[in-house]
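What follows is a set of notes on a single structure, which appears directly below.
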Amino acid sequence: MAGYKGALASVLVALGLFATPVSAQSILPPDFFDRIPPAAGRDMAVAADAMIFNQANDTVVATGNVGIAFEGYSATADRAIYYQRSGRVELIGNVAFTDPDGVRYVADRIELEDSFRDGFLQALTVEFPDGARFTAADANFDEGLQRIYREGIYAPCGECIGTHGGPIGWKVRATTIITDGGEQTINFEQPVLEFLGVSVAWLPWLTLPTDEDLEFPVFSYKDEYGYSLSFPFFRHSIAGGNLLFTPTVFSRQGLMLGLDWRHRAGPVSYRVRTSGIYQLDPGAFGGLGDREFRGALQTNGSFRPTSEWLVGWSAHTFTDPGYLRDYNHESRDNLRNEIYAQYLTPESYADIRVQQHVRLTDDNEWSTWDDYHGRLEQDGLTHPNAVGEHNIDLDDDMGRVTLSGRLLGLTRLQDHQYHGFVGGYAGRSVHAMAQAGWTNQYITGGAAISPYLGLRGDLATYAGESTLPGAPEDQTLFSATPIAALDVRYPLRARTSGATHIIEPIAQVVYRGSNESIVGIVNNDSHSSTFDTSSLFDFNRFSGADRQETGLRTNVGFALQTSFDNGAWLSASIGQSFHLAGTNAFGVEDGTAAGLGGGLDDDASYIVASLEGAINPFLSGGIRAQFDPETGDIPTTNARLTASRDGYAVTGSYAWADANPDLGVTEERHDIGAEFTVPLMDYWRVRTGARWDLTNAELLRTTAAIEYDDRFLAFGLGTRFNGPVENWGDDFRVELSLRLSTAGERNIVDFGYSWNND
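Using our numbering, the letters of the sequence shown correspond one by one to residues 15 to 772.
This is the structure we're talking about:
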């Protein structure tokens with residue numbers, strides 16, 4: 015029988031190639047499609063190079079290397095056309111069918127029939143650039159508008175099969191899925207959400223924005239509002255925007271209503287959020303939160319007039335400063351009301367802002383509005399807060415010129431103090447700084463020599479209203495600071511058995527021709543400075559423009575880089591800074607903590623050192639330390655060692671910080687910590703850790719969690735206990751996290767919640 019079929023196939027091929035064209039159905043045996051089992055789409059594979067949606071004639075065309083395979087039957091063609099109005103499916107161009115016996119049928123055009131046609135449509139899969147897939151029992155397409163999938167599945171993880179052969183990720187099954195290109199939404203009718211192939215949620219409908227995060231129900235509890243459950247499912251597309259209506263029920267306080275409006279129109283995008291609640295038990299909250307109606311209105315947005323410029327804003331208003339945190343709308347302590355403009359090109363950058371800080375507090379921190387406004391008056395209003403930089407690369411390798419500037423205007427109505435330091439003096443201050451600098455690098459005799467020449471100018475005014483002792487008087491200050499620096503490095507390469515070493519002695523001389531360190535008169539933006547190996551060779555270690563280094567200083571040190579042939583590596587550095595002449599800026603006090611107790615206030619600084627490395631891909635670590643050569647003390651040390659392999663990981667940490675009276679730190683810090691990660695199966699793991707205070711012999715923190723993460727779906731449940739030395743003090747928490755991601759690494763759900771023992 016097989017031989018007879020083979021001979022028949024040869025005749026049919028010849029007819030298909032040389033005879034007058036005939037219909038496909040006259041070439042295929044009359045019962046060909048009847049032989050194919052029903053419900054083919056369950057296992058049918060369909061592939062093509064491209065899919066084209068033709069709105070004019072209402073067709074979907076799969077083109078280029080079209081291939082279909084099912085139960086031993088296969089077909090190839092140049093094109094496959096699905097006529098949506100009639101439901102017909104045709105294969106066109108170099109069509110070849112092969113049955114399970116190996117008999118091949120060739121034609122120019124074949125119309126699919128019965129279960130093979132149904133299978134083709136059922137196996138129709140739309141795959142997006144990020145790897146997400148839509149599959150459906152049947153589909154209607156309308157290019158640029160809507161695509162409708164019946165009995166559809168949305169799977170951002172594609173096949174959703176992991177490396178171990180089991181299900182991973184998440185899917186949404188629905189009776190109907192409508193993707194709307196105009197509204198940028200995916201609408202699901204009667205959706206079922208699946209995690210790891212298991213149904214976990216059923217809804218009457220769901221609208222998923224394609225360019226925004228998806229909101230999920232949140233269950234929480236607080237003594238002040240009782241049990242709560244939110245329902246963020248009422249999403250509507252209106253006038254090109256997206257409106258989310260979220261009711262939340264609180265067992266003690268009643269019903270909260272929230273609206274979230276997002277809209278994008280050309281270069282403008284913005285968001286407006288509002289929520290409010292009429293509290294049934296206002297007395298559960300103290301301070302300004304003890305009121306019947308509480309709510310907030312927030313907005314932010316941006317406008318891009320050109321590719322270089324971005325203009326934006328952010329604004330917040332509320333009935334009381336505790337509302338947003340009390341009801342878990344915000345976790346931050348501070349927000350900003352601001353308008354800003356940014357400019358960015360490969361050569362230039364500018365950022366200009368007018369800002370007002372907004373304090374968010376617990377409900378009982380402020381008893382009156384006068385108390386709250388008094389705290390805001392300590393923070394002040396910036397008008398403006400601007401920075402900018404422009405780089406010019408000179409021709410013929412003549413180096414680079416950098417022009418930079420800073421303008422800070424600030425009005426502070428009350429003095430601000432914290433822990434014995436001045437956070438800011440009351441009054442109005444303006445500080446403008448401009449700096450121009452040139453640098454280049456020359457290689458000579460194996461040495462890399464980098465000179466720097468610059469000039470900095472500062473103009474500052476201060477109209478004081480401070481009552482603090484030591485506050486500066488009303489004045490205007492102009493200063494000009496010439497800057498000259500020379501950086502010399504001499505890298506030496508050495509080869510030993512199994513390793514290559516680069517040893518680099520570094521010497522740097524920096525001269526700043528001014529004895530004026532507090533160039534801003536008042537210090538609003540330079541409250542800290544850092545001294546370790548990462549900042550050893552910085553020209554200016556203050557964090558802002560209101561302070562600058564002064565005089566003549568030299569920085570010396572060594573850097574070592576070792577690469578082992580087996581892949582291991584080692585990086586080490588050590589150095590010290592010496593103040594040679596002029597005023598040492600780190601010994602100048604301005605009421606803030608800037609420069610104090612950091613190791614640079616003496617002529618000879620602390621010695622700073624660091625060592626990092628990896629013995630192999632499984633073991634790595636590092637240590638950083640300061641050493642006082644005058645007393646022999648070690649002010650600070652931090653060390654970390656990590657071992658990991660096949661999902662197992664162990665990390666140990668050590669921290670030491672001596673008491674530092676200059677900074678108001680009267681007790682030393684001395685603690686050790688350990689963290690452990692143990693894989694369980696597939697994508698599951700257990701993490702636990704603890705930190706112990708060696709000085710007081712007490713527990714600082716302990717954590718434990720079980721987690722799952724397959725890149726598309728991640729969730730975990732953990733506990734955390736903070737000891738009395740930590741900020742929370744004897745605080746026990748249970749924490750839950752859930753993250754849903756797409757193949758493009760975009761998180762559409764990133765949810766975390768923490769229950770504490772309050």
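Note that beta-carbon positions come from the ideal geometry of N, C-alpha and C, so glycine has one too.
Could you name the residues that DSSP lists as bridge partners for F735?
-> Locating residue 735 in the sequence shown gives position 721, where the first residue counts as 1. Looking at the DSSP output, F735 shares a beta bridge with T716 and F746.
For the 8 Å Cβ check, are there 3 or more pairs between the segment 515-534 and the segment 546-563?
-> By the Cβ criterion, the segment 515-534 is in contact with the segment 546-563, since at least three pairs of Cβ atoms, one from each stretch, lie closer than 8 Å.
How big is the Cα-Cα spacing for N342 and H250?
-> Walking along the sequence shown from the start, residue 342 turns up at place 328. Walking along the sequence shown from the start, residue 250 turns up at place 236. Rounded to whole angstroms, N342 to H250 spans 24 Å at the Cα level.
Under three-state DSSP, which class holds R339?
-> Here the question's residue 339 lines up with position 325 in the sequence shown. In the three-state scheme derived from DSSP, where H, G and I count as helix and E and B as strand, R339 is classed as helix.
Can you give the Cα-Cα distance for Y292 and I252, rounded to whole angstroms?
-> Taking the first residue of the sequence shown as 1, we reach residue 292 at position 278. Taking the first residue of the sequence shown as 1, we reach residue 252 at position 238. Approximately 28 Å, taken between the alpha carbons.
R715, buried or exposed, once every other Cβ within 10 Å from all chains shown has been counted against 16 | Within the sequence shown, residue 715 is the residue found at index 701, counting from 1. R715 is buried by the Cβ-count criterion.
Best match in G268, G478, I82 and T547 for proximity to R638 [C-alpha to C-alpha] = As a first step, residue 638 is located in the sequence shown; it is residue number 624 there, counting from the start. With respect to the C-alpha of R638, the residue from G268, G478, I82 and T547 having the closest C-alpha is T547.
Is A54 helix, strand or coil by DSSP?
-> Residue mapping note: residue 54 aligns to position 40 of the sequence shown, counting from 1. Only weak support exists for where A54 lies, its pLDDT of 40 falling under 50; the coordinates are left without a value.
Work out the CA separation of T651 and Y668 for me, nearest whole Å.
-> To locate residue 668, count along the sequence shown from 1; it is residue 654. To locate residue 651, count along the sequence shown from 1; it is residue 637. The alpha-carbon atoms of Y668 and T651 are separated by roughly 8 Å.
Going by the CB atoms, is the gap between T331 and A310 shorter than 8 Å?
-> If you number the sequence shown from 1, residue 310 lands on position 296. If you number the sequence shown from 1, residue 331 lands on position 317. Closer than 8 Å, so yes.
Segments of 3+ residues assigned as beta strand (DSSP E) that fall wholly inside the segment 546-616 = Qualifying beta strand (DSSP E) stretches, in chain order: 565-578 and 583-595.
How about D472 and H445: are their beta carbons less than 8 Å apart?
-> As a first step, residue 472 must be located in the sequence shown, where it is residue number 458. As a first step, residue 445 must be located in the sequence shown, where it is residue number 431. Taking 8 Å as the Cβ cut-off, D472 and H445 qualify as a contacting pair.
Take E306 as the anchor and find which of T333, P319 and T288 has the nearest alpha-carbon.
-> Within the sequence shown, residue 306 is the residue found at index 292, counting from 1. Of the listed residues, the one whose Cα sits closest to E306 is T333.
Return the chain-ordered ranges of every beta strand (DSSP E) run that is complete within the segment 332-396 and spans a minimum of 3 residues.
-> The qualifying runs are 348-358 and 362-373.
Same chain, Cβ closer than 6 Å to F248, five either side skipped, listed in chain order = Here residue 248 refers to the residue found at position 234 when the sequence shown is read from its first residue. Take F248, set aside five residues on each side of it, and the residues of its chain with a beta-carbon closer than 6 Å to its own are F259, in chain order.
Which whole-angstrom value describes the C-beta separation of P261 and L271, a residue pair presumed to lie in contact below a C-beta threshold of 8 Å?
-> Mapped onto the sequence shown, residue 261 falls at position 247. Mapped onto the sequence shown, residue 271 falls at position 257. Indeed, because the Cβ distance is near 6 Å, the residues count as touching under 8 Å.
What's the C-alpha gap between I175 and F726?
-> On the sequence shown, residue 175 is found 161 positions in, with the first residue counted as 1. On the sequence shown, residue 726 is found 712 positions in, with the first residue counted as 1. About 11 Å.
Per DSSP, what kind of secondary structure is G303 in: helix, strand or coil?
-> Translated into the one-based positions of the sequence shown, residue 303 becomes position 289. DSSP places G303 in helix when its eight states are reduced to three.
Presumed contact (8 Å Cβ cut-off) between N314 and R285, rounded CB distance | Numbered from its first residue, the sequence shown carries residue 314 at position 300. Numbered from its first residue, the sequence shown carries residue 285 at position 271. Rounded, the Cβ-Cβ distance is 6 Å, consistent with contact.
Compute the distance between the beta-carbons of M412 and N348, then report whether it is under 8 Å.
-> As a first step, residue 412 must be located in the sequence shown, where it is residue number 398. As a first step, residue 348 must be located in the sequence shown, where it is residue number 334. No, the pair does not count as a contact, with Cβ atoms beyond the cut-off.
Helix, strand or coil for S677, going by three-state DSSP, please let me know.
-> In the sequence shown, counting from the first residue as 1, residue 677 sits at position 663. According to the sequence shown, residue 677 is Leu rather than Ser. Three-state result, L677: helix.
Identity of the residues DSSP links to R249 by a beta bridge | Position 235 of the sequence shown, counted from the first residue, corresponds to residue 249. In the DSSP assignment, R249 forms a beta bridge with L258.
With DSSP as the reference, label A639 as helix, strand or coil.
-> For the purposes of this step, residue 639 is taken as the residue at position 625 of the sequence shown. Looking at A639 - three-state DSSP - the assignment turns out to be strand.
Would you grab the beta carbon distance between S751 and F729 for me? Rounded to a whole angstrom, and I think it's under 8 Å.
-> Here residue 751 is taken as the residue at index 737 of the sequence shown, counted from 1. Here residue 729 is taken as the residue at index 715 of the sequence shown, counted from 1. Contact holds; Cβ gap of about 6 Å.
Quickly, what does DSSP pair L469 with across the bridge? List them, please.
-> Reading the sequence shown from its first residue, position 455 is the one you call residue 469. In the DSSP output, where bridge partners are listed per residue, L469 has A450 and P496.
Is it a yes or a no for the segment 400-417 touching the segment 384-392, going by three-plus beta-carbon pairs under 8 Å?
-> No: fewer than three Cβ pairs fall under 8 Å.
For the beta strand (DSSP E) that A508 lies in, which residues bound it at each end?
-> Counted from its first residue, the sequence shown places residue 508 at position 494. Boundaries of the beta strand (DSSP E) harbouring A508: L506 to T510, taken from the DSSP string.
Among R426, Q590 and A450, which residue has its Cα nearest to the Cα of R420?
-> The count along the sequence shown starts at 1 and reaches residue 420 at position 406. Distances from the CA of R420 to each of R426, Q590 and A450 were compared; the closest alpha carbon is that of A450.
Rounded C-alpha distance that separates S381 from G388 = Looking up residue 381 in the sequence shown gives position 367. Looking up residue 388 in the sequence shown gives position 374. Straight-line Cα distance between these residues: approximately 12 Å.
Look at L273 and L257 and say whether their C-beta atoms are less than 8 Å apart.
-> Working through the sequence shown from its first residue, we reach residue 273 at position 259. Working through the sequence shown from its first residue, we reach residue 257 at position 243. Yes, the pair counts as a contact, with Cβ atoms nearer than the cut-off.
Quick one: what does DSSP say P398 is sitting in, helix, strand or coil?
-> Taking the first residue of the sequence shown as position 1, residue 398 is located at position 384. In the structure shown, P398 sits in a strand (DSSP, three-state: E or B).
Straight-line CA distance for F233 to P205?
-> Translated into positions along the sequence shown, residue 233 becomes position 219. Translated into positions along the sequence shown, residue 205 becomes position 191. For F233 and P205, the distance between alpha carbons rounds to 21 Å.
Decide if the segment 583-594 is in contact with the segment 626-635; the criterion is three or more beta carbon pairs, one per stretch, under 8 Å apart.
-> Judged by Cβ distances under 8 Å, the segment 583-594 makes contact with the segment 626-635, as three or more pairs qualify.
Should the segment 297-304 be regarded as contacting the segment 312-327, the criterion being three or more beta carbon pairs within less than 8 Å?
-> By the C-beta criterion, the segment 297-304 is judged not to be in contact with the segment 312-327, since fewer than 3 inter-stretch pairs fall below 8 Å.
Terminal residues of the continuous beta strand (DSSP E) containing V700?
-> By one-based count along the sequence shown, residue 700 stands at place 686. In the DSSP annotation of this structure, the continuous segment of the beta strand (DSSP E) that includes V700 starts and ends at W698 to D707.
May I ask you to report which of helix, strand or coil DSSP gives G297?
-> Position 283 of the sequence shown holds residue 297. Three-state DSSP puts G297 in a helix.
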